[in-house]
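Some notes on the structure that comes next.
In my numbering, the protein residues as written are 33 to 825.
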């Protein structure tokens with residue numbers, strides 16, 4: 033990818049942030065080398081690897097990859113024959129081999145062929161058990177050589193301990209013998225130059241035969257090795273020399289083992305580094321609630337609920353402040369022109385799209401909704417700079433044009449071009465004309481383009497070219513600031529008159545400005561405002577439709593659950609009745625045989641014939657019961673009344689009653705209120721209840737009974753407040769939550785829409801303080817709805 037584009041979109045900041053999720057310097061090095069590519073198959077594999085690790089972490093816990101080290105320098109030095117590896121480096125090698133074993137064991141416990149890509153990598157890990165075991169018994173984490181390194185070392189150290197104990201005991205007796213003579217400074221045996229000595233008064237130096245090794249800083253004490261212990265000290269020195277030689281032999285032997293297994297260790301190190309890199313990407317995906325984009329070869333993309341990664345970093349403690357955008361281009365619509373005033377959020381939207389493209393083609397999941405689609409571009413070009421002030425000059429314009437010239441020379445029908453403030457930096461009319469010419473050329477080569485501008489001429493271009501869309505960033509005239517919501521199909525406007533009026537500019541000056549502006553431009557401004565209002569109304573209606581659709585899905589699921597539960601209970605009752613009937617028949621048969629045995633012979637023959645007839649009758653009863661084991665029991669005939677709105681009905685096949693809310697025009701179906709649910713039912717499955725007839729009580733257990741405030745009062749699952757004022761909406765929300773709580777509902781949803789975000793924020797503040805609310809969160813599939821969990825009564 034073009035380096036200027038990567039820099040302009042600040043891809044390196046994402047890489048820097050990603051490095052904190054690695055466990056090793058090798059993983060961090062992989063992140064540093066990460067860059068977007070254009071090979072579809074490779075990107076697809078990268079995305080799948082991240083998805084596999086993310087699922088592994090969710091279902092089986094974190095990958096055990098912590099603890100390994102970058103051994104490349106150690107292994108390079110070990111190539112030289114006879115080179116000896118340092119003890120601490122051996123411990124690093126051991127920890128790396130142990131990590132490889134742990135990862136292998138982790139995946140071996142998961143039934144194949146799950147996670148094929150990660151499994152293929154892990155299978156390349158080389159388990160060097162002899163080396164791993166040899167280091168484990170020879171060296172500890174501090175780099176100390178253990179007694180278990182060799183039998184000889186263990187014996188030498190045992191001999192050293194005995195020799196030390198022997199000389200210490202002899203010198204202790206020596207001190208006691210000479211203390212009375214006043215020659216000894218202190219009753220302590222000490223070491224000087226690794227020789228055992230005794231502290232003697234300097235004045236008594238000539239009275240003690242031996243070798244002087246040191247004296248105190250004050251000069252009053254000298255440390256003498258008595259002549260009688262010279263041989264014992266020599267013995268210890270010889271043993272320590274043997275110990276050092278044995279340790280060197282052990283380290284050389286271990287070094288030879290490392291040399292022999294160098295290739296296997298390097299392969300394991302390579303795999304662990306790759307796994308650390310993939311694991312870091314999976315952890316980032318979890319952290320930002322990312323999704324793997326659907327990769328396509330066609331030249332199209334759809335980004336749903338896309339969030340700018342750098343804003344997620346900036347607002348890490350309050351991600352709700354990051355406003356998501358929806359944006360889409362395809363074969364029919366190849367260009368998007370985002371218009372509006374400076375500082376209106378246009379460049380943020382442009383950078384969001386560009387940076388997400390780079391991330392996708394570098395194998396990263398994206399902070400978007402699940403149904404997002406991304407094309408693999410052969411090149412991603414961006415001409416974006418911090419040139420958003422009136423101080424633009426010729427040199428700035430020249431640098432932009434030079435870069436655009438380079439882009440136009442390389443662009444293809446598989447490229448996407450991002451242009452910020454197209455036509456800026458020069459005379460407005462000339463700049464707008466150049467902008468149109470550039471857009472026409474990109475359309476001619478069939479490249480995708482996203483551009484920002486504040487030129488009206490470019491807005492007109494978008495209106496007159498069917499493959500180009502207008503868009504703008506929504507502006508809140510109440511707060512005089514952008515909301516950062518991207519509105520597709522609507523050109524941006526400056527809002528200068530509205531802002532001036534809100535800030536107190538005299539009305540007669542505003543009217544004069546409008547007159548100078550011209551009738552045509554005023555009509556255009558009026559049209560834009562009308563389009564904006566219609567778009568808001570469309571969004572509100574779309575939110576209502578989506579809410580109703582989700583409600584229908586919930587009702588269907590609940591109806592299926594109730595039907596399945598009723599069928600299960602029916603089968604249990606039938607099965608139990610069948611078993612009881614069989615037991616009664618068997619018991620009667622046994623009793624009849626016992627009675628026959630006690631009767632006279634003549635009477636007994638007659639009785640057998642009667643018993644035979646009873647058996648035949650019992651068999652018929654058994655067969656009849658078997659017939660009814662599977663089919664649904666027929667509904668008891670109920671007196672039928674008239675089916676009218678407001679009337680009570682019984683639902684056939686379910687032990688439920690409800691109230692008729694409405695009838696369809698063709699009279700074939702009706703909307704029924706059943707408890708807190710609304711459901712559409714065919715009229716053929718409804719039994720009107722006559723006047724004065726009470727509905728049969730539902731056959732449910734005590735644990736299934738939910739307290740309700742009133743038999744007549746029902747509370748819907750969702751409250752739609754789209755288009756309401758904040759005060760009106762909050763009043764409705766408060767009443768709705770009170771009713772839902774009193775009705776015993778455990779959860780509800782509040783549909784507030786996207787809009788400017790003010791209504792959503794007000795609802796969040798209300799929910800946070802409400803005494804009946806235990807938790808709430810924005811819906812996973814609809815950011816215009818908040819799901820609420822209520823406290824239990």
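Cβ atoms here follow ideal geometry from the backbone N, Cα and C, with glycine treated the same way.
Source: prediction; values computed, not measured.
### Query
From residue 506 to residue 593, what distance separates their C-alpha atoms?
44 Å
### Task
Alpha carbon to alpha carbon, how far is residue 328 from residue 472? Give it in angstroms, no decimals.
26 Å
### residue 359: CB within 7 Å of a non-hydrogen atom of the ligand MN
No copy of the ligand MN occurs in the structure displayed, which carries no ligand at all.
### Query
If you count every other CB in all the chains shown that lies within 10 Å of the CB of residue 487, and 16 or more means buried, which is it?
buried
#### Entry: Buried/exposed call for residue 141, threshold 16 Cβ in 10 Å
exposed
### Message
Run through the DSSP bridge pairs and tell me what residue 227 is partnered with.
### Response
224
### Task
Look at the alpha carbon of residue 768 and the alpha carbon of residue 747, and state the distance between them as a whole number of angstroms.
8 Å
### Message
On the DSSP bridge list, what partners appear for residue 788?
### Response
DSSP, once it has assigned bridges, lists no residue as partnering residue 788.
### Query
Can you name the residues that DSSP bridges to residue 520?
503
### Query
How would you write the range of the alpha helix (DSSP H) that residue 683 sits in, first residue to last?
Taken as a continuous stretch (DSSP letters only), residue 683 belongs to no alpha helix (DSSP H), being part of the beta strand (DSSP E) at 680-683.
### Residues of its chain near residue 169, where Cβ-Cβ distance is below 6 Å and the 5 sequence neighbours each way are ignored
180
### Message
I need the DSSP call for residue 397, collapsed to helix, strand or coil.
### Response
coil
#### Entry: Nearest neighbour of residue 282, chosen from 342, 311, 482, 115 [CA to CA]
115
### Task
Name the residue from 99, 134, 271, 102 whose alpha carbon lies nearest to the alpha carbon of residue 826.
It is not possible to answer for residue 826, since the shown part of the chain is limited to 33 through 825.
### Message
With three or more C-beta pairs closer than 8 Å as the rule, is the stretch 310-319 touching the stretch 365-374?
### Response
no
### Beta-carbon gap between residue 695 and residue 704 smaller than 8 Å
no
### Query
Between residue 714 and the rest of its own chain, which residues show a CB-CB distance below 6 Å, the 5 nearest in sequence each way excluded?
701
### Message
For residue 334, list the residues DSSP reports as bridge partners.
### Response
360, 405
### Query
Which residues in the same chain as residue 60 place their Cβ atom closer than 6 Å to its Cβ, once the five residues preceding and following it in sequence are excluded?
51, 54
### Task
Taking residue 64 as the reference, give the member of 524, 712, 48, 409 with the closest Cα.
48
### Query
Measuring CB to CB, does residue 138 end up less than 8 Å from residue 95?
yes
### Query
Where does residue 132 land, buried or exposed, given buried means 16+ other C-beta within 10 angstroms?
buried
### Task
Give the range of the beta strand (DSSP E) segment to which residue 415 is assigned.
411-415
### Query
So, are the CB atoms of residue 224 and residue 191 less than 8 Å apart?
no
### Counted within 10 angstroms of its Cβ, other Cβ atoms place residue 307 as buried (16 or more) or exposed
buried
### Message
Using only the alpha-carbon positions, how far apart do residue 793 and residue 682 sit?
### Response
43 Å
#### Entry: Beta-carbon gap between residue 749 and residue 583 smaller than 8 Å
yes
### Task
Counting only the same chain and skipping the five closest in sequence on each side, list residues whose C-beta sits under 6 Å from that of residue 416.
40, 452
### Message
Can you tell me where the beta strand (DSSP E) holding residue 33 begins and where it ends?
### Response
Premise fails: residue 33 is in no beta strand (DSSP E) and is neither H nor E.
### Query
Which residues bound the beta strand (DSSP E) around residue 245?
242-247
### Query
So, residue 412 versus residue 386, is the Cβ gap smaller than 8 Å?
yes
### Message
Rounded to whole angstroms, what is the Cα-Cα separation between residue 688 and residue 718?
### Response
10 Å
### Task
Just tell me which of 530, 522, 501 has its CA closest to the CA of residue 512.
530
### Task
Return the residue from the list 675, 755, 154, 305 that minimises the CA-CA distance to residue 720.
675
### Query
In chain order, which continuous runs of the alpha helix (DSSP H) of length 4 or greater are located wholly inside the stretch 118-174?
119-140, 148-154, 161-170
### Message
Taking only three categories from DSSP, how would you classify residue 445?
### Response
coil
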